[in-house]
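Written out below as structure tokens is the structure these notes cover.
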Amino acid sequence: MKERPGERLSAAIRAAAAQGEPAIIAFMTAGYPLREQFREQLAAIGEAADVVEIGVPFTDPMADGVTIQRSSQGALRQGVSLAWILAELRTMTRPRAPLVLMSYLNPLLAFGFEPLARAAAEAGVSGFIVPDLPYDEGEELRAALATQGLALVQMVTPVTTPERLAKVCAASEGFVYAVTMTGTTGRNAASLPDLARYLGRVRAAARTPVCAGFGIRRREQVVALRGQADGVIVGSALVELLERGEDPVRWLQGLRGRPAD
Amino acid sequence: MTAWNAELDGGRLLADELAGKFPDARGRFGPFGGRYVPETLIPALERLAAGVHEHLHREDFRRELELELASWVGRPTALTHARTLSRRWRAAVWLKREDLAHTGAHKINNAVGQAILARRLGAKRIVAETGAGQHGVATAAACARIGLPCTVYMGEVDMQRQAPNVGRMKLLGATVVPVVNGDRTLRAAIDEALRDWVSDPLGTYYLLGSAVGPHPYPYLVRELQAVIGREARAQMLARAANLPDAVVACVGGGSNAIGLFHAFLADRQVEILGIEAGGRGTGLGENAASISFGRPGVLQGSYSLLLQDEAGQIQETHSVSAGLDYPGVGPEHALLRAAGRVRYESASDGEALEAVKECCESEGILPALESAHALAGAKRWAQANPGRRILVGLSGRGDKDMPTLQATLIAQLDQERGR
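From first to last, the protein sequence lines stand for chains H and P. Numbered per my numbering, the first sequence spans residues 1 to 261. Numbered per my numbering, the second sequence spans residues 1001 to 1419.
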């Protein structure tokens, strides 16, 4: 329990990346499309991915595109809440892959930071991603999470200034979430000509692994990020696939270039 | 954030507010405010804050703005002595007539100021949200005047109840994008405008319409709206030879209220009253009174008072007035309430409609449904404090509310007359 916040996340990503391919961080909105499928989905995705990012639904997901907005509303309609997610995690057999919760700030504020850190630790969560909490507003949450060894993962973007990039990378725990494009989640990735240069700058500033996200949906994109990012985050594409009732394991294996057995 | 949980020292907060210490270096009004946005927007907000710092109080900016306010907006707006209301309410009632400003509401003060700023900051296009459509119309007009393309996001529900304003925006050259997500009102429109801005934070300027959102917007909007209170205070001294005993304004996001209140904050003898939308009841979802019934939290970039459930999910709101139909409120209002300087109450849909009728019949003025909440609050105060001077912020005119009024007051009148 005395490891540094985020150590478990970093280790899982490094171990996967050591195989020569970026680690896969798979995002799912908790309880979507069906609340009853949460455990089953998490078990499947947790087998096929290196880290699972579990989305806590929120009424106003301002950083997210249409897919995750839709999934968020769908989950809320079925009564999914932070408390429900933590209770499920606490009482289920959790996958091997470490778990991070993605939540907007207000549900965390309503829960209370200290109770949250305790409940998340009990539920086997390794850290949090909070898209509307920039690092300079994050001190209180970071401190509360640290008491339980939980990480607060920070995001950087292509428009983050060099001075700020250094500070955010220094503060980020577990990994650095490198947004590869401006815009909301789920849009097609603009193939930034300087993506490599950008990720190079992030890697140079980071103490932890660097994972690239926003707009990643195909095997070619994962291949293109080999050697440039320690991991890739897939969100909207996976949520859409779950919506269609398709097999996430098969798809995640395809992203890695491993044929399904 | 924890400061709220600790005992807030109201006296200290008020002293700091009056000393001009807010917003502080972190964009906070005491514990409220801040900058809770996706990382992508941070550089854009920092550039905006630097631009505000550089231009807003510069002589050439002030001159350009004042010329536009005088020759295009039509400022100063009139202060009207409401003779009949005064007699009926047994008070001296004065109306600050923002309904007479170009495009029909106070929103233009902010829109023209920010449009000038956007041009100076090199913006290629402007995006805005709108609830009642007044901010959208004001922004479309300011963009036409300044020569910048303009996109306005508007909730589908609001597009129906404020149809006349949708047409006006189109005529003024704006692209109006219906928002079908979320609650399909102002809150969803802000989310959508933010998403647009996130996709092009460097070329796009987000012209936010109320004193809400991340720093520096609450400050910027307040500074641009403070002209209302500065004029009104001078006009009261000139016309009534006295300050008012009470100043009353309606509060949704709170831009007209903060604009009217600011000049009076240091006049401790002046009672200040903000009137929120009481809707049809006090339960969650029945009103839009974030200060009266809300709890602190973070929505759309700032820490303030919000209508939310136990799990921190934002609640849908209800008000007959689209412009007040918002689950949050500007952080400076949360501060003024914590500091005990402003009292916040609410007026119901029914009281607001009644006030529209009374103002029309008594003064020959059709007020916006938003402004009617202020009139309803003022009437209540007048009846509790007979014989006093009251200044009411008449933030806009009611022409845009014709679809709602047709279905309520006018239908009622037709029925009475038919009988």
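Cβ coordinates follow ideal geometry from the N, Cα and C atoms, glycine included.
Interface with chain H (7 Å Cβ-Cβ cutoff): Glu1286(P) is excluded. The CB of Val210(H) never comes closer than 8 Å to any CB in chain P; the least such distance is about 14 Å.
In the assembly as shown, Gly79(H) is an exposed residue. Its beta-carbon has fewer than 16 other beta-carbons within 10 Å.
With its beta carbon at least 7 Å from every one in chain H, Pro1023(P) lies outside the interface. Under DSSP, Arg1389(P) forms a beta bridge with Ala1092(P).
Excluding sequence positions up to five before and after Pro1043(P), its CB lies within less than 7 Å of the CB of Pro1201, all in the same chain and listed in chain order.
Using a Cβ-Cβ cut-off of 9 Å, Phe58(H) is close to Gly1312, Gln1313, Ile1314 of chain P, given in chain order. Residues of chain P whose Cβ lies closer than 9 Å to the Cβ of Leu152(H) do not exist; the shortest such Cβ separation is about 13 Å.
Under the Cβ criterion (8 Å, minimum of three pairs), the segment 1222-1241 of chain P counts as touching the segment 1070-1085 of chain P. Positions of the beta strand (DSSP E) runs, each at least 3 residues long and wholly inside the segment 112-160 of chain H, are given as 125-129, 151-156 in order along the chain. Taking 4 residues as the shortest admissible run, the segment 1004-1035 of chain P contains the following complete alpha helix (DSSP H) segments, listed from N- to C-terminal end: 1010-1018. Residue-level contact by beta carbon fails for Thr29(H) and chain P, as no gap is shorter than 7 Å. The Cβ of Glu1039(P) sits closer than 7 Å to at least one Cβ of chain H. Between Asp1325(P) and chain H, the shortest Cβ-Cβ separation is not below 7 Å. The residues Ala1132, Gly1133, Ala1322, Lys1400, in chain order, have a CB closer than 7 Å to that of Gln1162(P) in the same chain once the five nearest residues on each side in sequence are set aside. Glu1068(P) and Val1112(P) do touch by the CB rule: their CB atoms are close to 5 Å apart, below 8 Å. Straight-line measurement puts the Cα of Glu36(H) at about 52 Å from the Cα of Gly1011(P).
Within the DSSP bridge table, the entry for Pro1218(P) names no partner. Around the C-beta of Gly1167(P), fewer than 16 other C-beta atoms lie within 10 Å, and the residue is accordingly described as exposed.
Under a 10 Å Cβ-count criterion, Arg1035(P) is classified as buried, with 16 or more other Cβ atoms of the shown protein chains found around its own Cβ.
Taking 7 Å as the CB threshold, Ile1272(P) stays off the interface with chain H. Counting only runs that start and end inside the segment 23-53 of chain H, the alpha helix (DSSP H) elements of at least 4 residues fall at 38-48. Between the alpha carbons of Arg1119(P) and Ala196(H) lies a gap of roughly 33 Å. Approximately 6 Å separates the beta-carbon atoms of His1081(P) and Trp1094(P); this is inside 8 Å, confirming the contact. Interface annotation for the segment 1035-1065 of chain P against chain H: Arg1035, Tyr1036, Val1037, Pro1038, Glu1039, Thr1040, Leu1041, Ile1042, Pro1043, Ala1044, Glu1046, criterion Cβ-Cβ distance under 9 Å. Taking a C-beta distance under 7 Å as the contact criterion, Glu53(H) and Met102(H) qualify as a contact pair. Considering only beta carbons, no part of the segment 1139-1168 of chain P lies closer than 9 Å to chain H.
Identification of chain H residues near Gly1122(P) by a Cβ-Cβ cut-off of 8 Å yields none; the smallest Cβ-Cβ distance measures about 15 Å. Annotation for Leu1260(P): Lys1096, Ile1228, Gly1229, Ala1232, Val1247, Ala1249, Gly1393 place their beta carbon closer than 7 Å to its own, counting only its chain and skipping 5 residues before and after.
Excluding its 5 nearest sequence neighbours in each direction, Ala110(H) has no C-beta neighbour in its own chain below 6 Å. If you check the CB distance, Ser1362(P) and Ser1395(P) do not come in under 7 Å. With the criterion set as a beta carbon lying under 7 Å from some beta carbon of chain P, the members of the segment 127-139 of chain H are Pro131, Asp132, Leu133, Pro134, Glu137, in sequence order. In terms of beta-carbon proximity, Asp1191(P) lines the interface with chain H, with at least one pair separated by less than 7 Å. With 16 or more neighbouring CB atoms inside 10 Å of its own CB, Ile25(H) falls in the buried class. If you check the CB distance, Phe175(H) and Ile13(H) come in under 7 Å. With three or more CB-CB distances shorter than 8 Å, the segment 1286-1293 of chain P counts as touching the segment 1325-1342 of chain P.
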